[in-house]
Amino acid sequence: MHLEQLPLQKQVELVFRTMKEELAYLPSGTVFIQIRNNVVGKFGIRHNPLELEEGTIQQSGTGLTETQIQAFRHMAVESLKLKRWTHGEILYDFALRGGQLSASVSFESNYNLASLPLRFGS
1 MHLEQLPLQK QVELVFRTMK EELAYLPSGT VFIQIRNNVV GKFGIRHNPL
51 ELEEGTIQQS GTGLTETQIQ AFRHMAVESL KLKRWTHGEI LYDFALRGGQ
101 LSASVSFESN YNLASLPLRF GS
């Protein structure tokens, strides 16, 4: 089966399953998913591995638990119900605060003027 034959929800689930091990080591970051024609292309995680606290460089703390990763993946899939475009990027920000997962989503739609049919004299 080809990726473009899978519904976008299944593709996003696959993205999160692929990054599961990395999420288990990260206390915060941004998961990004680039989409073209409702097919996932590039995806990954942006994060800051080091923190400066009172002049001391420290490595980031522990990452997400299995339960938190499942909840994060569920939120990501559910958020797709709000998407109304076929080309763009989805950003899922996440952070552990007091051991609790906090997450949000933002959508960015992309258009290409060169691919639009031109109509003169609208």
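Letter by letter, the sequence shown follows residues 1 to 122 of full-length UniProt numbering.
Built from N, CA and C at the ideal position, the CB exists for glycine as well.
8 Å CB neighbourhood of residue i in its chain, flanking five on each side removed
i     : result
Arg17 : Arg73
Neighbour-count burial assignment, residue i, 16 or more Cβ in a 10 Å radius
i      : result
Tyr111 : exposed
Ala76  : buried
Helix, strand or coil at residue i [DSSP, three-state]
i     : result
Leu80 : helix
Ala71 : helix
Glu53 : strand
Thr18 : helix
Where the alpha helix (DSSP H) through residue i begins and ends
i     : result
Leu96 : It is not in any alpha helix (DSSP H) - Leu96 instead sits in the beta strand (DSSP E) that spans Gly88 to Arg97.
Cβ shell of residue i (< 7 Å), same chain only, five flanking positions each side left out
i      : result
Leu101 : Leu64, Gln68, Ala71, Phe72 and Phe94
Own chain residues within Cβ distance below 6 Å of residue i, not counting five before or after
i     : result
Leu91 : Thr30, Phe32 and Ser106
Endpoints, the beta strand (DSSP E) within which residue i is located
i      : result
Leu101 : Gln100 to Ser109
May I ask you to verify whether the stretch 23 to 30 touches the stretch 61 to 68, counting CB pairs closer than 8 Å and requiring at least 3? yes
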